Each structure stands twice: as structure tokens, then as C-alpha cells.
Amino acid sequence: MVALGELTPIPTNKPPNPLPFWYDPQAKCDYHSRTIGYDIERCLTLKHKIQDLKDSKHLQLHSYKVDLRTTIDEGLNK
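Residue 347 in this note's numbering sits at position 77 of the sequence shown, with consecutive numbering throughout.
And the structure:
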């Protein structure tokens, strides 16, 4: 998505004052240009951006079903 220009990091924000209870000085958000305080998994702005891309059909996620009864063991579990 970054290579297609659909998703680009945005400028950093200053840390809130006072710091919220969830603030983690060791975590960095790559979407917010490595802003300290939370990681990308907790970034609500990114989650909303991805949802907007899904809603506008710019991003389509596909799920695949695997039938384990017909999957052949290729020796990976030996």
C-alpha cells in the first residue's frame, strides 16, 4: 500500500500532557513517523485509514479456506 501511494506515514505528534495511562515510552508508531508512546498495532488513525480504504474498495482483503483433510503432509513436521 505504501508503494502504491495509498498509505504514507504522517508527521509526528507531540506527546500529550499529562501522559495517558497507556503511554509506553518504549513503543513507536511507524505510521506516525515513529512517534513515541504507542505501537502501530494500537494506532487508531491507521486503523481508520485502512477501514476507509476497504470501504472505498481501494483495498480488498480475501480469506482463504484450507481443507486440512486433503492437505498432504510434505514432511515439514518430521
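Note that the Cβ used here is the ideal one computed from N, Cα and C, for glycine as well. All values derive from a computational prediction rather than experimental measurement.
Answer with buried or exposed for residue i, where buried requires no fewer than 16 other C-beta atoms within 10 angstroms of its C-beta.
| i | result |
| --- | --- |
| Pro-302 | First, the residue type needs correcting, since residue 302 is His and not Pro in the sequence shown. With 16 or more other Cβ atoms within 10 Å, it is buried. |
Can you grab the Cα-Cα spacing for the pair residue i / residue j, in whole Å?
| i | j | result |
| --- | --- | --- |
| Leu-289 | Tyr-308 | 12 Å |
| Thr-278 | Trp-292 | 25 Å |
| Asn-287 | Tyr-334 | 45 Å |
| Ala-297 | Leu-316 | 16 Å |
Span of the beta strand (DSSP E) holding residue i?
| i | result |
| --- | --- |
| Asp-309 | Unbroken run through Asp-309: none, as it is neither H nor E. |
| Lys-298 | 294-299 |
Could you tell me the boundaries of the alpha helix (DSSP H) in which residue i lies?
| i | result |
| --- | --- |
| Thr-315 | 314-325 |
Assuming residue i and residue j make a contact with CB atoms under 8 Å, what is their CB distance in whole Å?
| i | j | result |
| --- | --- | --- |
| Ile-306 | Pro-281 | 14 Å between Cβ atoms; not a contact. |
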